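Here is the structure we will look at.
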Amino acid sequence: MRNVELSAKDISCNHCKMTIENGISGSVGVTSVQVDIDTKKVDVIFDESKITVDTLLGQLLELGYPAEVTVG
Numbered sequence: 059m060r061n062v063e064l065s066a067k068d069i070s071c072n073h074c075k076m077t078i079e080n081g082i083s084g085s086v087g088v089t090s091v092q093v094d095i096d097t098k099k100v101d102v103i104f105d106e107s108k109i110t111v112d113t114l115l116g117q118l119l120e121l122g123y124p125a126e127v128t129v130g
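Under our numbering, the very last position in the sequence shown is 130; numbers go up by exactly one each time.
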C-alpha cells in the first residue's frame, strides 16, 4: 500500500469533500480517501499495482478538482 497527499486548491466546502471522497473511494485499488477542507488536502491510501498517482490526479481533474502531489 502507498499513501499520497494531494493538494486541490478548489476544495471549499463539505460538498467538495463528499464529491471527492465518493468519486475516488470506489476506484479499484483505493483503500482510503480523506479530504481536509481547511488545508485543501486529499490523503489517499492505495495499491500501486492496481492504480497510479497519475490516474488519481486524472480522476480528481474529471471531478473538477485539479490537484498536485504534495507528499508521497
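In this text, a Cβ means the ideal position worked out from N, Cα and C, and glycines have one as well. Everything numeric in this text was worked out from a predicted model, so none of it was measured.
1. CB-CB under 6 Å to K75, same chain, minus the five flanking residues each way: which ones, in chain order?
2. Sorted by chain position, which residues of the same chain lie with C-beta nearer than 7 Å to V86's C-beta, five sequence neighbours on each side aside?
3. Just the Cα atoms here: how many angstroms apart are S70 and D101?
4. Quickly, what does DSSP pair N61 with across the bridge? List them, please.
5. Going by C-alpha distance, which of G130, T97, E120 and Y123 is nearest V111?
By the coordinates alone:
1. Residue 75 sits at position 17 when you count from the first residue of the sequence shown. Cβ neighbours of K75 beyond the five flanking positions: V93 and I95.
2. Counting from one through the sequence shown, the residue named residue 86 turns up at place 28. Excluding positions up to five away in sequence, the list reads K108 and I109.
3. Counted from its first residue, the sequence shown places residue 70 at position 12. Counted from its first residue, the sequence shown places residue 101 at position 43. So the two alpha carbons sit approximately 16 Å from each other.
4. Mapped onto the sequence shown, residue 61 falls at position 3. Paired residues: I103.
5. Start at 1 with the first residue of the sequence shown, and residue 111 comes out as number 53. With distances taken between Cα atoms, V111 lies closest to G130.
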